[in-house]
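Those letters in the sequence shown? Residues 64 to 240, per the numbering used here, in order.
Just so it is clear, CB atoms sit at the ideal spot from N, CA and C, and this is done for glycine as well.
Contents: one structure, followed by commentary.
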Amino acid sequence: MACQPALTLALLFLCAEAEGFALCHTPALQTTVFQYRIWDVNQKSLYLRNDQLVAGHLQGANAALEEKVFWVPNRAFEPSRLPVILGIQNGTRCLASPPASQPTLQLQDTDIRELPRAGTASAAFTFFRSYKDGLWRFESAANPGWFLCTSARGHQPLGLSRHPDATHLLDFYFQLC
Numbered sequence: 064m065a066c067q068p069a070l071t072l073a074l075l076f077l078c079a080e081a082e083g084f085a086l087c088h089t090p091a092l093q094t095t096v097f098q099y100r101i102w103d104v105n106q107k108s109l110y111l112r113n114d115q116l117v118a119g120h121l122q123g124a125n126a127a128l129e130e131k132v133f134w135v136p137n138r139a140f141e142p143s144r145l146p147v148i149l150g151i152q153n154g155t156r157c158l159a160s161p162p163a164s165q166p167t168l169q170l171q172d173t174d175i176r177e178l179p180r181a182g183t184a185s186a187a188f189t190f191f192r193s194y195k196d197g198l199w200r201f202e203s204a205a206n207p208g209w210f211l212c213t214s215a216r217g218h219q220p221l222g223l224s225r226h227p228d229a230t231h232l233l234d235f236y237f238q239l240c
């Protein structure tokens with residue numbers, strides 16, 4: 064009769080639910096939002112211009128224009144690939160790269176805390192981080208082989224590129240604020 068107490072407890076829960084009593088539920092997994100600075104290997108910071116995220120040298124009073132990057136882990140993807148969702152403006156606008164043969168980078172108004180709950184449907188918002196020699200790269204989960212990049216020229220939009228070259232910089236510094 065060792066299993067009788069467990070059976071009694073299970074029946075008690077079933078009866079309580081049938082009578083309309085709310086049982087305790089575990090809270091949803093809390094999503095911690097991290098705030099970082101990101102800049103490319105040419106020391107260009109990110110800022111918003113005409114509703115586009117661009118990279119440029121910000122000095123003096125313009126340094127206040129720098130956008131901080133907010134990120135959350137995305138547990139729907141392989142943890143060893145360091146999947147993250149990136150956003151700006153306190154995580155209310157997120158970077159997205161919908162699947163395409165020539166993918167583009169977009170800013171979409173959405174709450175960074177909600178996206179991880181979408182599971183693999185959040186692929187367009189997910190980037191895999193890789194680290195080498197003090198620098199980070201961010202590969203699009205929805206477009207494998209495409210990485211966040213800045214232009215070698217200043218004040219150009221943040222974009223995506225397959226390969227680093229003289230015009231596309233794929234390596235970034237990524238630092239906790």
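inquiry  = Here's the rule: buried if 16 or more other CB atoms are within 10 angstroms of the residue's CB, otherwise exposed. What is Thr213?
reply    = Result: buried.
ask   = For His231, which residues does DSSP report across the bridge?
value = DSSP, once it has assigned bridges, lists Ser214 as partnering His231.
task = Measure the C-alpha to C-alpha separation of His218 and Asp103 and round it to an integer number of angstroms.
result = Their Cα atoms are separated by approximately 12 Å.
request  = Below 7 Å CB to CB, which residues in the same chain sit around Leu128 once its five sequence neighbours on both sides are set aside?
outcome  = For Leu128, the CB contacts under 7 Å within the same chain, skipping 5 residues up- and downstream, are Tyr110, Leu121 in chain order.
inquiry  = If I measure Cβ to Cβ from Pro227 and keep anything under 6 Å in the same chain, skipping five residues before and after, which residues do I get?
reply    = Hits under 6 Å: Leu233.
message = Check for me: the beta strand (DSSP E) holding Trp209 runs from which residue to which?
response = Per DSSP, Trp209 is not a residue of any beta strand (DSSP E), being assigned neither H nor E.
request  = Leaving aside the five residues before and after Gln169 along the sequence, list all residues of the same chain whose C-beta is less than 8 Å from its C-beta, in chain order.
outcome  = So the list reads Leu158, Ala159, Ser160, Pro161, once near-sequence residues are dropped.
query = Could you give the residue range of the beta strand (DSSP E) that holds Ala159?
reply = 156-159 is the span of the beta strand (DSSP E), which, as asked, contains Ala159.
inquiry  = Excluding the 5 residues flanking Tyr99 on each side, which residues of the same chain have their C-beta closer than 8 Å to its C-beta?
reply    = So the qualifying residues of the chain are Lys131, Val132, Phe133, Trp134, Phe237, Gln238, Leu239, Cys240.
ask   = Does DSSP put Phe188 in a helix, in a strand, or in coil?
value = Looking at Phe188 - three-state DSSP - the assignment turns out to be helix.
query = Enumerated in chain order, which unbroken segments of the beta strand (DSSP E) with a length of 3 residues or greater are wholly contained in the region 83-155?
reply = If we require 3 residues or more, the beta strand (DSSP E) runs fully inside the region 83-155 come out as 97-103, 108-112, 115-119, 132-136, 146-151.
query = Can Pro146 and Thr183 be called in contact, C-beta distance under 8 Å?
reply = No; because the gap between Cβ atoms is not below 8 Å, this pair is not in contact.
inquiry  = Restricting to Cα atoms, I'd like to know which of Asn105, Ile101, Leu178 is closest to Thr230.
reply    = Ranking Asn105, Ile101, Leu178 by Cα distance to Thr230 puts Asn105 first.
request  = Return the chain-ordered list of same chain residues with a C-beta closer than 7 Å to the C-beta of Phe140, the five sequence neighbours on each side being excluded.
outcome  = Counting only Cβ-Cβ distances below 7 Å, and skipping sequence neighbours, we find Pro146, Thr189, Ala204.
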